[in-house]
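Start counting the sequence shown at 5; every next residue gets the next number (my numbering). Here's the structure, in structure tokens; my notes come after.
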Amino acid sequence: MNRRGFIKAGLAAGAAGLLGPARLARAQTGDSLTRYLDHLPVPPVLRPGHGTNRVVMTEFRQQLHSQMPPTKLWGYNGIYPGPTIEVRAGQSVDFQWESNLPLNHLLQSAVDHELHGANMGAPEVRNVVHLHGARVLPHSDGFPEAWFTPGFKHTGPAFDGKLYTYTNGQPATSLWYHDHALGITRLNVLTGLAGFYLIRDDQEDSLNLPDGDYEIPLLIQDRLFNGDGSLLYPIVTDGTQEVWIPEFFGDTVLVNGKVWPHLDVEPRKYRFRMLNGSNARFYHMTLVESTKSGQLLGNKPAPVFNQIGTDGGLLPAPVKLTELLMAPAERFDIVIDFSDQDGKNFVLTNDGPAPFPGGGEVVPTEVMQFRVSKRLSGRDTSSVPKVLNPLQLLSRHDAVQTRDLELSELDRDSDGFPIVGLLDGLRWGDGVTETPKAGTTEVWNLVNTTGDAHPIHVHLVEFQVLERQPFSQDFWDAHRKIQYTGPPQAPASNERPARKDTVISYPGLVTKIIAKFDLPQGTHASPGQRFHYVWHCHILEHEDNEMMRPMDVIA
Ligand code: C2O
Ligand code: CU
Ligand code: CU
Numbered sequence: 005m006n007r008r009g010f011i012k013a014g015l016a017a018g019a020a021g022l023l024g025p026a027r028l029a030r031a032q033t034g035d036s037l038t039r040y041l042d043h044l045p046v047p048p049v050l051r052p053g054h055g056t057n058r059v060v061m062t063e064f065r066q067q068l069h070s071q072m073p074p075t076k077l078w079g080y081n082g083i084y085p086g087p088t089i090e091v092r093a094g095q096s097v098d099f100q101w102e103s104n105l106p107l108n109h110l111l112q113s114a115v116d117h118e119l120h121g122a123n124m125g126a127p128e129v130r131n132v133v134h135l136h137g138a139r140v141l142p143h144s145d146g147f148p149e150a151w152f153t154p155g156f157k158h159t160g161p162a163f164d165g166k167l168y169t170y171t172n173g174q175p176a177t178s179l180w181y182h183d184h185a186l187g188i189t190r191l192n193v194l195t196g197l198a199g200f201y202l203i204r205d206d207q208e209d210s211l212n213l214p215d216g217d218y219e220i221p222l223l224i225q226d227r228l229f230n231g232d233g234s235l236l237y238p239i240v241t242d243g244t245q246e247v248w249i250p251e252f253f254g255d256t257v258l259v260n261g262k263v264w265p266h267l268d269v270e271p272r273k274y275r276f277r278m279l280n281g282s283n284a285r286f287y288h289m290t291l292v293e294s295t296k297s298g299q300l301l302g303n304k305p306a307p308v309f310n311q312i313g314t315d316g317g318l319l320p321a322p323v324k325l326t327e328l329l330m331a332p333a334e335r336f337d338i339v340i341d342f343s344d345q346d347g348k349n350f351v352l353t354n355d356g357p358a359p360f361p362g363g364g365e366v367v368p369t370e371v372m373q374f375r376v377s378k379r380l381s382g383r384d385t386s387s388v389p390k391v392l393n394p395l396q397l398l399s400r401h402d403a404v405q406t407r408d409l410e411l412s413e414l415d416r417d418s419d420g421f422p423i424v425g426l427l428d429g430l431r432w433g434d435g436v437t438e439t440p441k442a443g444t445t446e447v448w449n450l451v452n453t454t455g456d457a458h459p460i461h462v463h464l465v466e467f468q469v470l471e472r473q474p475f476s477q478d479f480w481d482a483h484r485k486i487q488y489t490g491p492p493q494a495p496a497s498n499e500r501p502a503r504k505d506t507v508i509s510y511p512g513l514v515t516k517i518i519a520k521f522d523l524p525q526g527t528h529a530s531p532g533q534r535f536h537y538v539w540h541c542h543i544l545e546h547e548d549n550e551m552m553r554p555m556d557v558i559a
């Protein structure tokens, strides 16, 4: 079997009919929807209190664009995106996630019973909630087999109680919560099960960053719609599974649950907490001046992006960028200064190839619009300090273990259609092989032998990106050893120094990350005790089809 070729896979999927329904939907929705018609919604804030904070998953209808009928969705507490949960660092909160969802899946035709965890006999609707980027104990981490059904009638083999405790023992940052049920995460998230979770602390408060009305979360997700406004998730019936597709790519982009919205801003600084919550799409974004209706005025200078934070919190110092490359699950904390831009409009454009970086599938070229249409309501006294939150760099000399971990893909011989994605050649159900000792530091070399980039996420820890380096595929195939074929490449300016939990592993390169595997603060562990977590590709179609592995941190 062929081992490379997510690029080819994209084309194969087209041949197999993946692009068929996508094109149809595009004609019915994407092309006909007026850009920037609707205001950007901001999800309501949920500040958890003492005792158990209950959040319920339900089915409801919500209008995602004013020219579209309301769409049937699933969401937390009846909204999409879910409420933005806000806590202080060190504040311990208890949550109980519950489901009042129907027993049949909203995207029933796309449920694939040949995928791990979704086999015949498993309840069709299963959910579990993961707080992405949080340092928590396993029983609160949303292990993919800790799922439950409506009313907790059935629970998965790893289910360990309804109550989750988030101790928030980490610096201020933007986390997000989303569904993580084995074999069906891609469909559950697509229905709307995602929301922000912000941790704040005194250190961040002391920086005088834009806040209040001037701090806005932006959850970016692509979707496909049928003509009646219902969600469309394409299926392939002559693929390598029942109906699984290798990646979901939509032709419309939603921000905070609205298709191509606009935001009216004052001529001042704004802080945007950006999250790519898409199943598979990478966005490569720039800010381009436009007319109010969205016609691009290409040659005019636009404000820069001041990136002040990423997955695990504030950067040591701001990084100025004119373009943003965001993989699924990555968070970018950005300040844009609209001072002196009165009356101007700016479109956040996208030209990120899909799949990334090889391309072949539909690419929606716009994300949203900013209109500097509001009068300044008061002097902008906020700042972007030169020093944000210093970071101690981990040294590879501290690493007690280096793991070479292969990212690979098995493809069908006849047409290259992907069968599964694998991590280190193993499947979800194979025994645990990544067993870092608690408190120790390890280097993981992500050896990407596929034709695509994969956003790799490790639960529990924040890691640091060391470097990337080209390697010989042939030598790897023959010996399963790394032979470098060129010099190391420095990470992007917003990748190091930075606290990351998701990293882009590019094809043809070894991506080297370093992490200290500390258990959550205050954990009482007996020697040898195992703490179960996971690491995986955050392209949800890959995660659902074997590109996820268990990981045990051993005390
Ligand atoms: Cu955002 Cu294990 O996932
Ligand atoms: Cu996570
Ligand atoms: Cu992947």
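By construction, the Cβ of each residue, glycine as well, lies at the ideal position given by its N, Cα and C atoms.
- When DSSP states are grouped into helix, strand and coil, TYR488 belongs to the strand group.
- Within the segment 200–258, the complete beta strand (DSSP E) runs of at least 3 residues fall at 219–227.
- Annotation for HIS483: no residue places its beta carbon closer than 8 Å to its own, counting only its chain and skipping 5 residues before and after.
- In chain order, LEU211 place their CB closer than 6 Å to the CB of PRO389, counting only its own chain and leaving out the 5 sequence neighbours on each side.
- Taking C-beta atoms as the reference points, ARG553 and GLU438 count as a pair closer than 8 Å.
- Contact between ILE460 and LEU450 holds, since their C-beta atoms are separated by about 6 Å, short of 8 Å.
- In the three-state scheme derived from DSSP, where H, G and I count as helix and E and B as strand, SER36 is classed as helix.
- Contact holds between the segment 216–233 and the segment 67–79, because three or more Cβ pairs, one in each stretch, are under 8 Å apart.
- Below 8 Å, enough C-beta pairs join the segment 194–201 and the segment 79–99 to call them touching: three or more.
- For LEU135, the uninterrupted beta strand (DSSP E) run begins and ends at 133–136, by DSSP.
- A Cβ closer than 6 Å to some heavy atom of ligand 3 marks a residue here, and those residues are GLY425, HIS458, CYS541, ILE543, HIS546, MET551.
- In the three-state reduction of the DSSP assignment, TRP448 falls in the strand class, which pools E and B.
- For PHE374, the enclosing beta strand (DSSP E) covers residues 370–375.
- Annotation for GLU466: GLY316, ARG503, ASP505 place their beta carbon closer than 6 Å to its own, counting only its chain and skipping 5 residues before and after.
- When DSSP reads this structure, HIS540 sits in a beta bridge with HIS461, MET552.
- Within the model, the alpha-carbon separation for GLN174 versus VAL259 is close to 27 Å.
- Using a 10 angstroms sphere on the CB of ALA494, the tally of other CB atoms stays under 16, which defines it as exposed.
- The nearest non-hydrogen atom of ligand 1 is 7 Å or more from the C-beta of VAL436.
- Secondary structure at SER113: helix, using DSSP grouped into helix, strand and coil.
- When the alpha-carbon of GLY94 is set against those of PHE336, LEU41, ASP35, ALA176, the nearest one is in ALA176.
- DSSP places ALA482 in the uninterrupted alpha helix (DSSP H) bounded by 477–483.
- The nearest non-hydrogen atom of ligand 1 is less than 7 Å from the C-beta of HIS461.
- If only complete runs of 4 or more residues are kept, the segment 296–374 shows no alpha helix (DSSP H) anywhere.
- Annotation: ASN498 is outside any alpha helix (DSSP H) and is labelled neither H nor E by DSSP.
- Under the criterion of beta carbons closer than 8 Å, PRO368 and ASP456 do not qualify as touching, at roughly 19 Å.
- Shortest gap from the CB of HIS143 to any heavy atom of ligand 1: 7 Å or more.
- Remark: the shortest separation between the CB of VAL538 and any heavy atom of ligand 1 falls under 7 Å.
- Bounds of any beta strand (DSSP E) do not take in VAL193; it lies within the alpha helix (DSSP H) bounded by 189–194.
- Not one heavy atom of ligand 1 lies closer than 7 Å to the C-beta of ALA306.
- Per the coordinates, the alpha-carbon of LYS324 lies some 31 Å from the alpha-carbon of PHE475.
- The three-state reading of DSSP puts GLY53 in coil, since its state is none of H, G, I, E or B.
- Distance between LEU105 and VAL133, taken at the CA atoms: about 14 Å.
- If the five residues before and after LEU301 are omitted, its C-beta is found closer than 8 Å to the C-beta atoms of VAL292, GLU293, SER294, THR295, all from its own chain and listed in chain order.
- Contact annotation: the segment 109–120 does not touch the segment 513–522, with fewer than three C-beta pairs closer than 8 Å.
- The beta-bridge partner set that DSSP reports for ARG407 consists of TRP448.
- Annotated three-state conformation of SER381 is coil, per DSSP.
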